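The block underneath contains the structure these notes are about, expressed in structure tokens.
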Amino acid sequence: MAHFDEFSMFFVGSRYHVICLSETWLNPKIPDSMIRLPGYYLVRNDRVERQGGGVALYIQDSIRSKALRRSSVDAQLRKPEFLMAEIIVQNACSLLLAVVYRPPNCGYLSECLNTFTDLQTAYRHSLIFGDFNADMNVDTFDSAQIRSFVISTGMYLVPYGSTHHLKNSSTFLDLCIIDDAGKLINSDKKAVPFLSAHDLIEIIYNIKIERRFERLVLCRDFKNFQEQDFCTEVSQIDWTDLMTSECIDYKVQILNDKLLECLDRHAPLKQIRFSNLPAPWLSDEIRGAMRERDAVRKIWRRNRNVASHDRFKALRNKVQSLIRTAKKTYYLAIFGRKNDPATTWNKLRHLGLIKAKDPSRRLACSPDELNAFFAGTGRSINEETQQLITLRTLCNDFDDGKFFFKYVSPDTVRKSLARIKSNAIGTDGISSRLISMTLPYVMPILENIFNYSLMHGTVPIIWKSAIITPIPKVGQPTEAQHYRPISILPFLSKVLERIVSDQLIDYLTENDLLDPCQFAYRRNSSTQTCMIRLLDDVRRAADSRRVTISVFFDFSKAFDRVNPSVLIEKLQCMGLSNTALQWMVSYLSDRTQAVRDGSEGVTSSLKHITAGVPQGSVLGPLLYALYVSDIAGALNHCKYNLYADDLQIYLHKEPSSLRNGIQEVNEDITSIVRWANQNGLMLNSAKTQAIIFGTARYINTIEYDRLPDISIDGTAVQLSTCVKYLGVTITSTLSWNLHVERVVKNVRTKLYQLKLTKHMLPKELKISLINSLILPHLDYCSAAFTDITDQLNTQLYRALNACIKFAFDARRDEHVTPYYQELRWLKINARRKYFVGCLLFNIIRTKQPSLLYNGFTFKNLTTSRTTRAPDGLLTQPLCRTEIWARSFTSTASKLWNGLTPDMRSAESGESFKHELYARLLNSAAS
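With the UniProt record's numbering, letter number 326 in the sequence shown gets 326, and the count goes up by one each step, no holes.
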């Protein structure tokens, strides 16, 4: 990390296709974003639990690769570290490449070499690079072992001579072994004094690949853009043809053509070539000092003079100090100014503190292959359904009880526009910025198009065409299933979807048609409320001396498998009018998509989508939630929770009735499998988890071997001792030690990354980064952990203390309470009480989620009559055990009753939050 600036400057723009690194000194806490080399992607194998070591490969974006073998370094046993990868170039040649680091006096070299030999048989080309710490200039056991390997495999050791230079000696430690000397076009070694005492060794190997081209991006040139002139021209456009047209597609085409034609005159499209400037703080003075350092090193190499070596070391340290000071000055100058947040976060991405999407990263598959994979599931709307809805729409089906679209007013359009935060541009080329600038002049046009679409039950074709951005689900994707498709839809289509979604939700809420067990895509519901419902049910059961059998299901490509015909039938049963159903049919049918490869600027051909709801759309998630809302009909015994496509069922049973309980769970699983098949969904039994929750007293007495299997379609699901659900690790005894361990690890990792750049960050920015990057780890679902132990609470408290000491550059043994007071931050316990209180106030005020709200009962102090007045006191639930006494329901009731009447009757959530925070802060101070 200390030499990365010069490393980047040396290699960016170089001709190297692959850069092999041995002894990287990287560890898993350092993300790829902090060591990103423009034009390359990184494959790495870090040393864990001990300092030093590690191997890695930087591979040019135009080349695909696949990691084949990685060494697993035993912390107690020193072994060679290696990374073996398949390098795939454009002409379909595959090369086996290994990079090795063998620590000094380390055995087990034959294990590494044998692994390479086993893989080598499948490849025509093979190479090994690495630091073997065996001097090939002399005869030793280690050098003899390497020579024996080279001879026995018929490979060739490139004769570099000495590659490692110390003050009084030079040794041949850095090796390149290739499969055939005839394939070696050239070899060389270079001094890299900024990096280490090792020379850089290089070869040109005889495999021809295509030349890499610079990435060009087509974008608007707003350099000389005059917004007032542009808006004046837009205001003079004649929209008569649009307003009188009876074709929705023609209306949208006119709008797009005239806006873009006007925009082309004021902000024309142009191609931008990205220039990679990895270290803009490297001034001419610093570059001159680098050249002087390198010249003195050459003098020392020639004469081996002690004075020359000492001068070289002094200059090397001087250069490093100059770079560190210049980098600090550069970032402090940026962060010290009052920049807009976008500028600040953009510079933080340059530092690697915030993960940034890398558009230059090459896809593992071609865009057409990915498009075929993403679009290859399910069935389209059948003609019978489409014709039936069309015929019904022609009839007069007006009914006050059914859902009809309301007229879209300009105020509704403005609110919907404000709620769309994405700046992505869809296939129509219309951006959110363009609409925002011209809104006063195009508002009547948008009003006309939106209302025409809803009243006539038709969606413009161009608004149903999506650009798919493949998002990797794993660190190094190699296959199509390693990507998740995210749809980039036209901006105006998302505005219309927001209008439809809001009207539909209002209708479903008024008629109580939303599934109360679905916690996603609903106001006042979240992963936290879903988690609280599960945990409090488990705690209540434990209070009644029962255990809970729970199964967590995984659906494969759930959103993509929605059957549109079945969805339309379900929407019809919910009371949507024929006109609304016709609009839904138009929305779901004739959709197309194309996958875009950002690294090469290539887009696949358009492909028709036969099923599913688009991921990345506004309306799609709501439609999926409605699609699975009848899951309750498949269950006869179990309760359930849904969060999007995460389904969890659970059943409370006495420990003596566990066998019977598992049988009932299996009956419901069979029903769920049948329901999934009927709806075209697919359960992934390999990722399904099962667990039994309860108190340690009952869980420890369960004889798991004697219990019948929980099975899905004949596949047994093993009972686990812990599960990860909605980002929370839950153990069978509701112990939070594993979850706290993971949270503390995440906090320490992020804090470690911040500390690498702490000298470049002012105090105010450090505090802002802690708020944005670290506190969410501590606060996530914290209202659900009301039964956390003092020991685990202390671990979280220490993690937060470490953050505060980092912000103020405080000593490790320094007391942190004054810093808490200066920041007006709550400590861990008080923070949890704050979130519990805010959540309870919101539950009482909105009566949502209803499953949690119904768990509370208000009492009137003067009468025995039960009320639901928000300023009243809550009835404290009867608790037989400590596990229920520390539940959310019990803890929140106790907290609520301890508040003043004025706080309980606060007029808004904001005022309640402010008063509760001040109360908790004052309690901590006193």
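For every residue, glycine included, the Cβ atom is placed at its ideal position computed from N, Cα and C. A quick note: this is a predicted structure, and the numbers were derived from the prediction, not measured.
Residue i versus residue j: straight-line alpha-carbon distance, rounded
| i | j | result |
| --- | --- | --- |
| Ile-505 | Trp-463 | 22 Å |
| Gln-615 | Phe-404 | 25 Å |
| Val-562 | Asn-641 | 20 Å |
| Pro-621 | Arg-69 | 39 Å |
| His-482 | Val-474 | 6 Å |
| Leu-42 | Ala-364 | 14 Å |
| Phe-856 | Asp-515 | 20 Å |
| Arg-102 | Thr-688 | 41 Å |
| Ile-649 | Pro-440 | 51 Å |
| Ala-783 | Gly-633 | 31 Å |
| Asp-142 | Ser-162 | 16 Å |
| Ala-542 | Trp-884 | 8 Å |
| Ile-568 | Thr-794 | 53 Å |
| Ser-525 | Leu-535 | 16 Å |
| Arg-349 | Val-585 | 43 Å |
| Val-442 | Leu-734 | 57 Å |
| Arg-742 | Thr-731 | 13 Å |
| Thr-721 | Glu-479 | 32 Å |
| Ser-629 | Lys-402 | 19 Å |
| Asn-137 | Leu-113 | 20 Å |
Presumed contact (8 Å Cβ cut-off) between residue i and residue j, rounded CB distance
| i | j | result |
| --- | --- | --- |
| Tyr-643 | Cys-781 | About 12 Å; that fails the 8 Å criterion. |
| Gly-429 | Leu-260 | 6 Å |
| Ile-467 | Ala-594 | 6 Å |
Reduced DSSP category for residue i - H, G, I as helix; E, B as strand; rest coil
| i | result |
| --- | --- |
| Ala-810 | coil |
| Ile-662 | helix |
| residue 927 | Given that the chain is displayed from residue 1 to residue 926, the structure contains no residue 927 and the question cannot be resolved. |
| Glu-86 | strand |
| Asp-537 | helix |
| His-608 | strand |
| Val-234 | helix |
| Val-100 | strand |
| Gln-572 | helix |
| Leu-874 | strand |
| Arg-297 | helix |
| Leu-651 | strand |
| Ile-532 | helix |
| Phe-403 | strand |
| Arg-349 | helix |
| Leu-42 | strand |
| Arg-591 | strand |
| Arg-596 | strand |
| residue 927 | Any question about residue 927 goes unanswered here, given that the chain covers just 1 to 926. |
| Arg-78 | coil |
| Lys-29 | coil |
| Glu-202 | strand |
| Ile-631 | helix |
| Leu-756 | coil |
First and last residue of the uninterrupted alpha helix (DSSP H) at residue i
| i | result |
| --- | --- |
| His-309 | 306 to 336 |
| Asn-771 | Looking at the DSSP string, Asn-771 is not in any alpha helix (DSSP H), and its letter there is neither H nor E. |
| Pro-440 | 432 to 456 |
| Gly-837 | 828 to 846 |
| Cys-66 | What sits at residue 66 in the sequence shown is Lys, not Cys. Segment 64 to 70 is the beta strand (DSSP E) holding Lys-66; no alpha helix (DSSP H) there. |
| Val-18 | From DSSP, Val-18 is part of no alpha helix (DSSP H) but of the beta strand (DSSP E) over 18 to 22. |
heavy atom of the ligand ZN below 7 Å from residue i C-beta
| i | result |
| --- | --- |
| Ser-908 | The ligand ZN is not part of this structure, which contains no ligands at all. |
Residue i burial status per 10 Å Cβ neighbour count (16 or more: buried)
| i | result |
| --- | --- |
| Tyr-40 | buried |
| Leu-778 | buried |
| His-608 | exposed |
| Pro-460 | buried |
| Phe-222 | exposed |
| Glu-910 | exposed |
Boundaries (first-last residue) of the beta strand (DSSP E) holding residue i
| i | result |
| --- | --- |
| Asp-174 | 174 to 178 |
| Asn-423 | No beta strand (DSSP E) contains Asn-423, which DSSP labels as neither H nor E. |
| Phe-194 | No beta strand (DSSP E) contains Phe-194, which DSSP labels as neither H nor E. |
| Leu-761 | Premise fails: Leu-761 is in no beta strand (DSSP E) and is neither H nor E. |
| Arg-47 | Careful: Arg-47 lies outside any beta strand (DSSP E) and carries neither H nor E. |
Closer than 8 Å to chain B by CB, residue i
| i | result |
| --- | --- |
| Thr-715 | Of the protein chains in this structure there is only one, and it is not chain B. |
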